[in-house]
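**Student:**
There are 2 protein chains.
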Amino acid sequence: MLLSMDNILILAHEDPDGDAVGSACGLCRGLRSLGKTAYVSLEHMSKHMTFLTDGIVKDDYSPDYIVAVDTAERKMLGVAKTNIPKDCRVDLAIDHHYSNSMFAENTCLDENAAAAAEVVTYILRIMNAAFTKETAQAIYVGVSTDTGCFRYSNTKAKTLRIAADMADLGADIGEINKLQFETKTREYAKLEKMALSSMELFLNGKLAVIAVTNDMYVQSGVDDSETKPLSSLTRQIEGVLVGVTLREKKKGTFNISVRTNEGVDASEIAGFFSGGGHKNAAGGKFQGSLKDAVDAIVLHTEEILGKTGRI
Amino acid sequence: MLLSMDNILILAHEDPDGDAVGSACGLCRGLRSLGKTAYVSLEHMSKHMTFLTDGIVKDDYSPDYIVAVDTAERKMLGVAKTNIPKDCRVDLAIDHHYSNSMFAENTCLDENAAAAAEVVTYILRIMNAAFTKETAQAIYVGVSTDTGCFRYSNTKAKTLRIAADMADLGADIGEINKLQFETKTREYAKLEKMALSSMELFLNGKLAVIAVTNDMYVQSGVDDSETKPLSSLTRQIEGVLVGVTLREKKKGTFNISVRTNEGVDASEIAGFFSGGGHKNAAGGKFQGSLKDAVDAIVLHTEEILGKTGRI
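Chains Z and L are the protein sequences, given in the same order.
Sequential numbering from 828 applies to the first sequence in our numbering.
Sequential numbering from 828 applies to the second sequence in our numbering.
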């Protein structure tokens, strides 16, 4: 299907993470190696990832074929920079979210893939696309970031082999890891310290909540796009089943990141906050005061844990 | 050589890290699969790793053949629990430290291997040893811990492929990662917060020093064997070329962990403190006050950075 198409625009979800950017750029470069015209448009991307998009971004492009990568639902589609409406026809979705709502005309979904970039790799291989160094870099960023650099339980043998193949194809895995996982600005380190100090435990230590307020952003000088790594801090405390990080986007609006252990369904908890995602990692939104947000999180987490006899 | 030997004792360096334990246990189990009698003896091991040693430890064993894994120098050999003297004849060293002093009768050294467990894997394959689940778990712990779960620049395509092979052979990579990299006791989280607060920057932000004092251990209730992850915190700050973590073993005695970026030689700095190690990660010791330790670190780091025009 994709093989017969041309003039392709690739979109991903809003606030694109490494897998959204990596799978979009990897796909775009792979399609170009087949002689096609293809572009990406990405909304509000972290500055750590601009090295992947060099020469392939076109926000005002009018395509013949639209592909959405790593996007589970239509409302999550990041189109703000384009002249394409949010309810546009999406011709193909390439995804790995088991919660994918099948919003596209065609969907290529592998919910066992650790990253959308893994699915993109299989598709490019089937199409006999060439993997340049740039493609390999993009795919590597996708699989490494969505697995927390191969730490999370979604990492499989095949994920590690794709990473190895991308290294052989020229991906600078050491440099990429350093940039994505091992570099904190001094400002971020300051924010992390404040965020850690805000951590509170509830429900006998089974729920940990971190709140990053507007004040903390101002005090530390950190941009919100840098703060995704904070989400993983909560889950690391021994005994914690549910870790929630609140990030105040603007006064009274919070992004909610849910991380879970031992089979607790993160997407079910995020569902209470107009969100969704994976079993172990999901996100949502809340409008109101911080206190109300925390109260709601404790309430719904207690409900979910209670339902499965974990409390 | 090893193939014709029997009644083998495997030793590693003192305070064995994941690679020391993993390569020792992997080798031991592989040798046993060939019908040999083999044991390990390990000194002061982290409790996170006891699942690897089940049934293969014998501290009072009198072997016919002694193998040292992951040990660069004779003085680092962990023999305290055995009835073997520190200056014993070591028949075979299996290692990946480029600083290996060739103290053993025979040495199998691959300084391009990310972990000693990688070298052990090649040896077991050549010997046609069977890889049971237990062997795979041990090898996986070795390669994953010495690469910071595949983050550090020593990670190569072949390292990722060995990890993938071990996953296929039954290693519970998700569980192991959770245990080794994603689990902090509440006590450790408290200590980490204190350690981060102690971080000081020197030499225009090129050197970061963290000091974990005896008081912090007492206040947090953390055992020293849990604190190795602290060493990686310093290097993560943007602009830091040398990160040093001091851990007070007993009043007035400090373990020094050096981590470096951008080609600064960590083992050269550790050399000033009767230590050694790798290009990016090394360790040493200091006796004296904390202030004297920090002064010495600043002085020697300035010297090393100055020599290569980095200051």
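The beta carbon of each residue, even a glycine, is placed where N, CA and C say it ideally should be.
Everything numeric in this text was worked out from a predicted model, so none of it was measured.
Rounded C-beta distance between S868(L) and T909(L)? I'm assuming under 8 Å.
**Tutor:** Contact flag correct, Cβ pair sits at about 5 Å.
**Student:** For I1096(L), decide whether its Cβ has a neighbour in chain Z, counting only Cβ atoms nearer than 9 Å.
**Tutor:** No, I1096(L) does not count as interfacial toward chain Z.
**Student:** When you compare the CB of T1012(Z) with every CB in chain L, is at least one pair closer than 9 Å?
**Tutor:** Yes, T1012(Z) lies at the interface with chain L (some Cβ there is under 9 Å from its Cβ).
**Student:** Determine, using beta carbons only, whether V1085(Z) and A1109(Z) come nearer to each other than 9 Å.
**Tutor:** Closer than 9 Å, so yes.
**Student:** Which of the three DSSP states, helix, strand or coil, is assigned to T1010(Z)?
**Tutor:** Reduced to three states, the DSSP call for T1010(Z) is coil.
**Student:** By the criterion of Cβ-Cβ separation under 8 Å, what are the contact partners of Q1063(Z) in chain L?
**Tutor:** Under the 8 Å cutoff, chain L gives E1009, T1010, K1011 and A1016.
**Student:** Taking G853(Z) as part of the alpha helix (DSSP H), name the residues at either end of that continuous run.
**Tutor:** Run containing G853(Z): G845 to S860, per the alpha helix (DSSP H) assignment.
**Student:** So, at 7 Å on beta carbons, what are the nonlocal neighbours of G905(L) in its own chain, with the 5 sequence-adjacent residues on each side left out?
**Tutor:** For G905(L), where only same-chain residues beyond five positions count, the Cβ hits under 7 Å are L838, A839, H840, E841, P843, L869 and E870.
**Student:** Which chain Z residues sit within Cβ distance under 7 Å of C976(L)?
**Tutor:** Under the 7 Å cutoff, chain Z gives C976, F977 and R978.
**Student:** Quick check on the DSSP output: what are the complete alpha helix (DSSP H) runs of length 4 or more inside the region 1048 to 1084 of chain L, in order along the chain?
**Tutor:** If we require 4 residues or more, the alpha helix (DSSP H) runs fully inside the region 1048 to 1084 of chain L come out as 1058 to 1062.
**Student:** Could you pull the start and end residues of the alpha helix (DSSP H) that S1094(L) belongs to?
**Tutor:** Counting along the chain, the alpha helix (DSSP H) containing S1094(L) begins and ends at A1093 to G1098.
**Student:** Applying the criterion that 16 or more other CB atoms from any shown protein chain within 10 Å of the CB defines a buried residue, is M828(L) buried or exposed?
**Tutor:** Classification of M828(L): exposed, given that the 10 Å Cβ count is below 16.
**Student:** List the residues that DSSP assigns as beta-bridge partners of Q1114(Z).
**Tutor:** T1080(Z).
**Student:** Please tell me whether G853(L) and T962(L) are closer than 9 Å, where the distance is taken between their beta carbons.
**Tutor:** Contact flag set, yes.
**Student:** Compare the Cα-Cα distances from Y979(Z) to each of E945(L), I1003(L) and C855(L) and report the closest residue.
**Tutor:** Out of E945(L), I1003(L) and C855(L), I1003(L) has the C-alpha closest to the C-alpha of Y979(Z).
**Student:** Identify the residues that DSSP records as bridge partners of L836(L): which are they?
**Tutor:** Beta-bridge pairing links L836(L) to Y866(L) and I893(L).
**Student:** Can you tell me which of A895(L), L1132(L) and E1009(L) puts its alpha carbon nearest to the alpha carbon of S928(L)?
**Tutor:** Among A895(L), L1132(L) and E1009(L), the Cα nearest to that of S928(L) is on A895(L).
**Student:** What does a CB cutoff of less than 6 Å around S860(L) pick up in its chain, not counting 5 residues either side in sequence?
**Tutor:** The answer, listed in chain order, is A956 and A957.
**Student:** Give a yes or no on whether the minimum CB-CB distance between E1002(L) and chain Z is below 9 Å.
**Tutor:** Taking Cβ atoms only, chain Z reaches closer than 9 Å to E1002(L), which makes this a yes.
**Student:** Taking Cβ positions only, does M1026(L) come closer than 9 Å to chain Z?
**Tutor:** Closer than 9 Å: yes.
**Student:** Around the Cβ of V1045(Z), are there at least 16 other Cβ atoms within 10 angstroms (buried) or fewer (exposed)?
**Tutor:** Counting Cβ neighbours within 10 Å, V1045(Z) comes out exposed, since fewer than 16 surround it.
**Student:** Quick test of the definition: if touching needs 3 or more C-beta pairs under 8 Å, does the region 1036 to 1045 of chain Z touch the region 1004 to 1013 of chain Z?
**Tutor:** Cβ pair count under 8 Å is below three, so no.
**Student:** What did DSSP end up calling A1108(L) once you bin it into helix, strand or coil?
**Tutor:** DSSP places A1108(L) in strand when its eight states are reduced to three.
**Student:** In or out: P912(L) buried (at least 16 other Cβ within 10 Å) or exposed?
**Tutor:** Counting Cβ neighbours within 10 Å, P912(L) comes out exposed, since fewer than 16 surround it.
**Student:** Report yes if the C-beta distance between Y925(L) and K1134(L) is below 9 Å; otherwise report no.
**Tutor:** No, the pair does not count as a contact, with Cβ atoms beyond the cut-off.
**Student:** Kindly indicate if chain Z contains any beta-carbon less than 9 Å away from that of G1066(L).
**Tutor:** By this cut-off, G1066(L) is an interface position.
**Student:** Can you find a C-beta in chain L that's less than 9 Å from the C-beta of A1093(Z)?
**Tutor:** Judged by the 9 Å Cβ criterion, A1093(Z) is not in contact with chain L.
**Student:** Output needed for Y888(Z): all residues of its chain with C-beta closer than 6 Å, excluding positions within five of it in sequence on either side, in chain order.
**Tutor:** Only L836 and Y866 meet the Cβ criterion.
**Student:** Counting only runs of 3+ residues fully inside the region 967 to 1028 of chain Z, write out the beta strand (DSSP E) ranges in chain order.
**Tutor:** Segments of the beta strand (DSSP E) lying fully in the region 967 to 1028 of chain Z: there are none.
**Student:** By DSSP, does I1124(L) sit in helix, in strand, or in coil?
**Tutor:** Of the three classes helix, strand and coil, the one that applies to I1124(L) here is helix, per DSSP.
**Student:** Quick check on DSSP: helix, strand or coil for A963(L)?
**Tutor:** In this structure, A963(L) counts as helix in the three-state DSSP scheme.
**Student:** Could you please give me the residues that DSSP links to R901(Z) through a beta bridge?
**Tutor:** Partner(s): none; R901(Z) has no beta bridge.
**Student:** Let me see if you follow: with CB-CB separation under 9 Å, is G1032(L) close to chain Z or not?
**Tutor:** Yes, contact with chain Z.
**Student:** Measure the C-alpha to C-alpha separation of E932(Z) and T948(Z) and round it to an integer number of angstroms.
**Tutor:** Answer to the nearest angstrom: the Cα atoms are 21 Å apart.
**Student:** Pairs of beta-carbons, one from the region 983 to 998 of chain Z and one from the region 912 to 922 of chain Z, closer than 8 Å: are there three or more?
**Tutor:** Touching, no.
**Student:** Any beta-carbon of chain Z closer than 9 Å to the one on K1005(L)?
**Tutor:** At least one chain Z Cβ lies under 9 Å of K1005(L).
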